[in-house]
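Right, one structure below, let's go through it.
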Amino acid sequence: MYNDKILYYRKKNMLTQEELAEKLCVSRQTITKWEKGIISPGLEYLIDLSRIFGITIDRLIKEDDCFAEEGQKVDTNHLIHFLVKAKKSTYAAKSNKIEAAEIDAHEYAYHEDTYQYYDTFYGSLCFSGQEKVYESNHICWIMNYCGKVLNDHFNGDFLKEALLQVDEQRPFRGPEIYARGDYTYLSRMSGDSNDFQGTEEIYDCSRKIYEGLYHGGRIK
Numbered sequence: 007m008y009n010d011k012i013l014y015y016r017k018k019n020m021l022t023q024e025e026l027a028e029k030l031c032v033s034r035q036t037i038t039k040w041e042k043g044i045i046s047p048g049l050e051y052l053i054d055l056s057r058i059f060g061i062t063i064d065r066l067i068k069e070d071d072c073f074a075e076e077g078q079k080v081d082t083n084h085l086i087h088f089l090v091k092a093k094k095s096t097y098a099a100k101s102n103k104i105e106a107a108e109i110d111a112h113e114y115a116y117h118e119d120t121y122q123y124y125d126t127f128y129g130s131l132c133f134s135g136q137e138k139v140y141e142s143n144h145i146c147w148i149m150n151y152c153g154k155v156l157n158d159h160f161n162g163d164f165l166k167e168a169l170l171q172v173d174e175q176r177p178f179r180g181p182e183i184y185a186r187g188d189y190t191y192l193s194r195m196s197g198d199s200n201d202f203q204g205t206e207e208i209y210d211c212s213r214k215i216y217e218g219l220y221h222g223g224r225i226k
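Going by the working numbering, the first residue of the sequence shown is number 7, and it counts up by one from there.
Here it is as structure tokens:
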């Protein structure tokens, strides 16, 4: 079925479900149902999808289209284990920063066996970035994120401290809740490591001082 292809090409084009839904003038729930194979898009939507993804309709619907030429099968458990280890060994730990290839970028890298992890972001008080994992030189996982500092009480070290609490159950940003002193970090997310989206916030007592968004998943 082509539900897997809709999911694959949406991620390949770095689109969230909301962004794709907006382009097609449908609800996010409709995109979810298409990707899960609960319902199928009509011909008019298949035409629009092929245009958005930059592919032919045949490529979208033919069952013999093999994803192996563009991706590699990755053991999820090994990937998650490596991802958590990489996150705890880079930005949050103030370690493994490398010279960025792009102007004004900050970049961290961590390699182990056949896996390579890169975290690249721009900005400080208002920032945007991307984490990527490669397995045997083929990209297999991506997370996009952005955040904004809302007032002078923000503490960057506390954010790093929260991000160090990442675990294999939530291998994205920080934990659902983490607190120290007057600071509280909150993260709400939906989905799993294959397809997820979430928000994060930091409060100083009851005052919100930081907010962020993230989304991503497996690349096949």
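No residue lacks a Cβ here, since even glycine has one placed at the ideal position from N, Cα and C.
Just so we're clear, the structure is a prediction, and the values are computed from it rather than from any experiment.
CB-CB under 6 Å to residue i, same chain, minus the five flanking residues each way: which ones, in chain order?
i           : result
residue 111 : 126, 128
residue 191 : 168, 180, 184, 208
residue 122 : 140
residue 124 : 115, 138
Kindly indicate which three-state DSSP category residue i falls into: helix, strand or coil?
i           : result
residue 13  : helix
residue 215 : strand
residue 179 : coil
residue 61  : coil
residue 124 : strand
residue 134 : strand
residue 23  : helix
residue 220 : strand
residue 163 : helix
residue 172 : coil
residue 29  : helix
residue 98  : helix
State the Cα-Cα distance for the pair residue i and residue j, rounded to the nearest angstrom.
i           : j           : result
residue 64  : residue 131 : 45 Å
residue 78  : residue 146 : Model confidence at residue 78 stands at a pLDDT of 44, short of 50, so the residue's coordinates are unreliable and nothing is read from them.
residue 50  : residue 224 : 28 Å
residue 55  : residue 136 : 25 Å
residue 153 : residue 162 : 12 Å
residue 133 : residue 95  : 21 Å
residue 60  : residue 189 : 45 Å
residue 216 : residue 172 : 18 Å
residue 57  : residue 212 : 46 Å
residue 119 : residue 81  : 14 Å
residue 46  : residue 160 : 46 Å
residue 109 : residue 48  : 44 Å
residue 8   : residue 67  : 5 Å
residue 92  : residue 117 : 8 Å
Going along the chain, which residues of its own chain have a beta-carbon closer than 7 Å to the beta-carbon of residue i, five neighbours each way excluded?
i           : result
residue 104 : 113, 114, 115
residue 177 : 86, 89, 90, 199
residue 27  : 33, 34, 36, 37
Here's the rule I'm using: 16 or more other beta-carbon atoms within 10 Å means buried, otherwise exposed. How should residue i be labelled?
i           : result
residue 20  : exposed
residue 43  : exposed
residue 101 : exposed
residue 16  : buried
residue 23  : buried
residue 206 : buried
Who are the near neighbours of residue i in its chain, counting only those whose CB is closer than 8 Å to its CB and skipping five residues on each side?
i           : result
residue 6   : Residue 6 falls outside the range modelled here, since the chain spans only 7 to 226, and no answer is possible.
residue 186 : 164, 167
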